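Position in the sequence shown counted from 1, then plus 260, gives you the numbering used here. Ideal Cβ positions, reconstructed from N, Cα and C, are used throughout, including at glycine. None of the values given here were measured: they were computed from a predicted structure.
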Amino acid sequence: MRFNLKLSHKGLILVAVPLIFEVIFLATLTYLLRQAEIEVQRQVRSKAIISQANTLSKLFYDAGVAMGGYSITKSPLFSDRYDKIVRQIPQDLDELKNLVGDNSRQQQILQNLQVITVTGLKILGEAKSAIDDNRVDVAQFRARHMYKEIRSLADRLQDELRGLTEDERKIESEGPEAQNRNRAMVKIYLVIGVLLNFLIAVALALYFSRGISRRLNVLTDNSIRLARAEPLNPLLSGSDEIAHLDGVFHSMAEALNEASRKERAVIENTADVICSIDVDGKFVAVSPACNTTWGYRPDELMGRRFIELVIPEDHQETIRAVRAVRAEKGNTEFENRTRRKDGSMVTVLWSTYWSESERSMFCVAHDITERKLAEEATKASEKRIRTIIENMLVGLIIVTKEGFIESINPASERMFGFRAEEIVGRHLLCLFHDSKLFSERSQSDTHNFMENLFSRSLNRIGELDALKKNGEDFPIEISLSEFETADGYRYLANILDVSERREVERLKKEFVSTVSHELRTPLTSIRGSLTLLSVGALGVLPEQAKKVVTIAERNTIRLITLINDILDIEKLESGKLDMVFDTISMNNVLDRSAEAVRAFAEQNGIRLEMVPTNANVYADGDRLVQVLVNLVSNAVKFSPKGAAVTVAVSEIPNWIEVKVIDRGRGIPAKYKNLLFQRFQQVEASDARKKGGTGLGLAICKGIIEAHGGNIGVDSEEGKGSVFWFRIPPSQPVAKPALLQTPSAQVPVSAAIPAKPEEKMIS
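Right, here's the structure in full:
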C-alpha cells in the first residue's frame, strides 16, 4: 500500500515516531525506577520498624529494672529514669504506628502492644505509688507480684513484637536481591530502548530520504534537461510538495517554450532587424528582417563584419559609438547610414546593449530613412516659414497667457523701434504704455490689460493705440489667436500699423461731415418749399404736379434722414455723440417710443403691444427712444398686416433686457452677423420697397454699446424675429472706449465705470 504523503507529513512522521517511542521508553523506565524506589522505601521502613520495635522492647525492660532498683534503694535516680522511660514509651509506640501504615495485621499487633504497654505501665505506676507512700508491706507485696506480671507482659510484648517484625525481617532479607533484579531490568530496558530508538530513526530516515532524494534527483535532471532544451522526465507521482514543484516546473517549461516560440515569431516577423555582434564586430545571429532592411538573407550576413554595411563616411563615427557602448556597458543608441545589397542607402538607428559575460553586442536596427526624410522636409518647411515670417510686413508677436513676450519678427522690431533682445521677456503692456511708468504697474494692471485685450482682440480684429520706443503713439490693428505648444498654450498677436488708413478715414469723415452739413441746410429749405406746394399754400397744383411734388418731398425726407444717420454714425465713431445719463423709467421710454411709431404702425395695419414694467435704468432716455423707435419701425415694416409687434422688458442678473418681437418673415442665419453693419439689409430690394438707409441698426448698436450693453437678434426664417438689447440697471454706466473694426465702425465700451457727474461720452 502506497501513501501519498506531503513532505510536511513525512517530516512529521520522522519526528513523531521516534518521539512516541521515546515517550513510551521513558514511561517504562520511569515505572521501573519508581518500583526500585518503592522497594528501597520498603527496606528503609522495615529497618525502621525493626529498630523501633527493639527500642520499645528495651524501654519496657528498662522501666521494670528502674522500678526494681527504686523499690530497693528508693533512689531519686531510679525514680527519674523510670519517669523518663514512662514518658518515652508512648512516643515510641506512636512512631511505630506511623511506620506500620495501613497493614491490618500489623495494626492489630500494634493494638495488642498498646494494651500490654498500658497494663505494664499501670502495674509499675501502682508499685511506684506504694513506694512513694511508704507503704512497705504493700510495696513488697506489689514488688513480688509486679515482677511476675512484668515478666509475663514482657514475654507477651516480645511475642507481639516478634510477630510485628517477622514480615519486616523477611522484606529486609529479600531487599538486596530485589534491588539487584530492578537494576538489571533497568539496564536491559535502557539498552533495548536506545537501540530500538536508533534503529527506528535510521529506518525512517533511510526510507524517506531515499524517496525524497530520488525525486529531487529527478528535479535536478529536469533542470539540466531544460537548460539543454531536451524533453523533461515524466511527471512525478504523488501529491507532496516535490510532486507539486515538479508539476510547476513542467508548467514553467511549457510557458518558456511558448514564450520562446512567441519570441522567435516576434523576431522573425518584426520589421526591425534584431541581431547580435561578437567582440570582433561579426554577425552572430540575425533576424529575417535583414532581408527587408538591407536585401541580404540571414545566412549571407552571418560571419560578416557589420561595419561592411556602413558607408565609408560613417565608419569613424560608428567605431566611436561601438567603443562607447562597450565602455558604458548599458543601453546606447547611435545612427549611421548603411548600404543595401542593391546599393541604395538606408539610415539606421541602432539600439544596442553590450553583454560582458557573453562578450557580444545585442542590437535592434531600426530603419529611420523615412523619418529622416520627414525631418529634413520639416526643417526645410520651418526654414521657409521662418523666412516668410521674417519678411512679412505684418508684425507677429508670440506671448504667453500672462502676456510675456517670447518672440517677435523683424516687422514688429521696425514697427515699435525695439530690437528682439530688448523686448523678449517683457510684458506686452510695455508696447502700449510709457516705459518709464511701466515699472510702476501692478500685477492687477497687467491682468486687467490682458483681460481687456482678450475681450477685444481674441479671434477678432481690434484697434488700439500703441507706443514706439521713442514715445510716439500710433494706431494699430491687433488680432490674437490661440495655439498649443509643448510648453502650454500661447497667443499669436498679428499687428498692423494703420496710421495711414486712420488719416485717410479722418479726411473722409471730415469730407462727409462737411458735405452733410452743407447739404442739410438747403435740403431742409427744399423740403419746406415742397411741403408748402403740396398743401396748396402757393396755389392749387394740378394733380400730376401734386404727385411729382409728393415724390420729390418723400425723396427729400429720405435724403435728410440719410444725412442725419451719417452724421450720427460719424459722431458715434468719433465719440462726439452727446448723451446725458440719468435714472429713467423704462415705462416712460416705452410710452414715448409708442407715440412716435403709432401712426406709422396704424398706417401699415400693425398692432403695437407695449408690456408695462417697473424697471429703471441709468441711461440717456432720448437715445434709448431712438433705438427702440428704430427697432419697432423695422418690425412694423417687415410684419404682415393685422399682425402685432410686442415690446417686453425683463430683468435678468446684472441686466435690463428689452425685446422687440415681430411675426415677420424672419432673417436667414447667414445675414445675422451682417445686420448691425453699415449699409446692410437682408435683401437689396428692401431699401427700395420698405425704405431705409441701412444705417439704423449700426446706430442702435453704437448707442447700446455706449451704454455698456450689447444688442443682437434671434430669428428663424419664416417664424419672425426677436431683436433685443441689454443695458445695465439703474447705476452709473461704463465709460466707453473707442475700438473700431472693419466690420462695424462703431464704439465699444471698455467697461470702465463713469463718474456720476460725467454727462458726456467722449
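Asked, Found
"Secondary structure, alpha helix (DSSP H): runs of 4+ residues fully inside the stretch 814-866", "846-863"
"Residues bridged to Cys623 [DSSP beta-bridge criterion]", "Cys535 and Thr612"
"Leu957 classed as buried or exposed, judged by whether at least 16 other C-beta atoms fall within 10 angstroms", "buried"
"Boundaries (first-last residue) of the beta strand (DSSP E) holding Thr592", "Asn591 to Arg599"
"Cβ neighbour criterion (16 or more within 10 Å) applied to Lys388", "buried"
"Whole-angstrom distance between Glu630 and Asn482, CA atom to CA atom", "49 Å"
"Cut-off 7 Å between Cβ atoms - residues of its own chain near Arg416, not counting five sequence neighbours on either side", "Ile376"
"Assigned exposure category for Leu850 - 16 Cβ within 10 Å defines buried", "buried"
"Span of the alpha helix (DSSP H), counted from its first residue to its last, around Ala389", "According to the sequence as given, residue 389 is Ser; it is not Ala. Where Ser389 is concerned, the enclosing alpha helix (DSSP H) stretches over Ser364 to Asp392."
"Straight-line Cα distance separating Leu767 from Ala997", "Bear in mind that the predicted position of Ala997 carries a pLDDT of just 38, short of 50, making it too unreliable to give a figure here."
"Val275 - DSSP class collapsed to helix/strand/coil", "helix"
"Beta-carbon proximity list for Val346, same chain, < 7 Å, skipping 5 on both sides", "Ala323 and Leu381"
"Proximity winner among Ala513, Leu955 and Lys447, relative to Leu935 (alpha-carbon distances)", "Leu955"
"Where the beta strand (DSSP E) containing Asp725 begins and where it ends", "Gly722 to Leu727"
"Neighbourhood of Ala296 by C-beta distance below 8 Å, restricted to the same chain and skipping five residues each side", "Gln439, Asn442, Arg443 and Val446"
"Same chain, Cβ closer than 6 Å to Val275, neighbours up to 5 away in sequence not counted", "none"
"Residue environment, Met512, which counts as buried when at least 16 other CB atoms sit within 10 Å", "exposed"
"Inter-residue Cα distance where the pair is Lys639 and Ser667", "19 Å"
"When Asn864, Ala313 and Asp538 are compared against Pro350, the one with the closest alpha-carbon", "Ala313"
"C-beta contact flag for Leu653 and Ala634 at 7 Å", "no"
"Ser547 versus Asn493: straight-line alpha-carbon distance, rounded", "32 Å"
"Complete beta strand (DSSP E) runs within the stretch 556-589 (minimum length 3 residues, chain order)", "none"
"Alpha-carbon spacing of Phe709 relative to Val857, whole angstroms", "43 Å"
"Distance between Ser617 and Cys623 (C-alpha atoms, nearest Å)", "16 Å"
"Environment of Thr553 [buried if 16+ CB atoms lie within 10 Å]", "buried"
"Backbone CA spacing between Ile534 and Tyr556 [nearest angstrom]", "14 Å"
"Status (buried if at least 16 other CB within 10 Å, exposed otherwise) for Gln371", "exposed"
"Arg475 vs Leu505 beta-carbon contact at 7 Å", "no"
"Distance between Gly329 and Asp352 (C-alpha atoms, nearest Å)", "23 Å"
"From Asp540, Arg488 and Ile537, residue whose alpha carbon lies closest to that of Asn517", "Arg488"
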